[in-house]
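Structure first, then comments.
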Amino acid sequence: MSISLQGTVAFEPEFVGNLNLLTRTMIAHGLDPDVFVISKDIASAPTLPFVGPMLYDYIVVSGGDEFVVTETCDQLFLEHFLHHIGDVADEAPPPVAPGMFARLSRWMSPAV
């Protein structure tokens, strides 16, 4: 068993794909993912739906504790939730290898 998902709005496929990462992180921090329920609902009915982003309420319930996070998308909620459970990396992410264009322009530039 793992984290239970429910709500009136479907979760994005990217978020569902990251559930294994979230589960492993929770276990690493001594949390039992089986007792967590994440619910996603529309935050409020906008009076003008074409003005501003759609907001969602993410309600996280664990045993008797619960908290609510309001975000515009699942990825921002995931970042907030990972921060909440203490998985904040203190070091910078590894540098990205230069792409083909960067290598080509460096190769074509004259030596100094």
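Residue numbers (the numbering used here): 400 to 511.
Even glycine gets a Cβ: it sits at the ideal position worked out from N, Cα and C.
All values reported here derive from a predicted model rather than from experimental measurement.
Query	Result
For the candidate residues 413, 461, 409, whose alpha-carbon lies nearest to that of residue 484?	461
Counting only the same chain and skipping the five closest in sequence on each side, list residues whose C-beta sits under 7 Å from that of residue 404.	410, 437
By DSSP, does residue 470 sit in helix, in strand, or in coil?	strand
Rounded to whole angstroms, what is the Cα-Cα separation between residue 488 and residue 478?	At residue 488, the pLDDT of 48 sits below 50, so the modelled position is not reliable and the matter cannot be decided from this model.
So residue 469 and residue 452 are supposed to be a Cβ contact under 8 Å. How far apart are they, rounded?	So it is not a contact: roughly 11 Å between Cβ atoms.
Inspect the beta-carbon positions of residue 401 and residue 433 and report whether they are closer than 8 Å.	yes
DSSP on residue 365, reduced to helix/strand/coil?	In this structure the chain extends from 400 to 511, so residue 365 is not present and cannot be described.
In angstroms, rounded to a whole number, what distance separates the CA positions of residue 421 and residue 481?	7 Å
Per DSSP, which residues does residue 456 bridge with? Please list them.	440, 469
Keeping to the same chain, check which residues put their C-beta closer than 8 Å to that of residue 441; ignore five residues upstream and five downstream.	407, 408, 453, 454, 455, 456
Using C-beta distances below 6 Å, list every residue in its chain close to residue 428, excluding the 5 sequence neighbours before and after it, in chain order.	484, 485
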